[in-house]
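Trainee: Whatever position you read off the sequence shown (first residue = 1), add 73 for my numbering.
Each residue gets a CB set at the ideal place from its N, CA and C atoms; glycine is no exception.
Owing to the predicted nature of the structure, the values given are computational and were not obtained by experimental measurement.
Below is one structure. I have some questions about it.
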Amino acid sequence: MKHLYLVFFLCICSIGFSQENIQSTADINGLKLYPNPVTQGKIYVETPQNSPKQIVIFDVLGTQVLRTTIIGRELNLSNLDRGVYIIRIQEHSKVATRKLIIK
């Protein structure tokens, strides 16, 4: 019976670690997000592919405050208040999430 519990435990652990690896490979490699903290109301989002990107920004309470698609690399954030935000960037099937500070 102890062997059955051990096998069950190892299966659960392997499933957990395999899903963690899937999440880490879904990140956008070579993503550059600058300047952070934002002081002039603009940020630049660069990736090696430089494809159109879907941008979603959330406040610290999880409320969506901005949703847009950018074709270039510049994103205007002058209409957002000072504070800490979460920015989600999607390019093709890859997704990256970063903390964004607006001063």
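1) Excluding five sequence neighbours on each side, which residues of the same chain lie with their C-beta closer than 8 Å to the C-beta of residue 111?
2) So what's residue 120 in DSSP terms, helix, strand or just coil?
3) Where do the N-terminal and C-terminal ends of the beta strand (DSSP E) with residue 155 fall, by residue?
4) Could you give the DSSP three-state label for residue 134: helix, strand or coil?
5) Spatial neighbours of residue 171 within its chain, please: CB distance less than 6 Å, with the 5 preceding and 5 following residues excluded, ordered by chain position.
Mentor: From the atom records:
1) Shown here for residue 111: same chain residues with a beta carbon closer than 8 Å to its own, the five before and five after excluded, namely 150, 173, 174, 175, 176 in chain order.
2) Coil, per DSSP.
3) DSSP places residue 155 outside any beta strand (DSSP E), giving it a letter other than H or E.
4) In the structure shown, residue 134 sits in coil (DSSP, three-state: anything other than H, G, I, E or B).
5) 106, 160.
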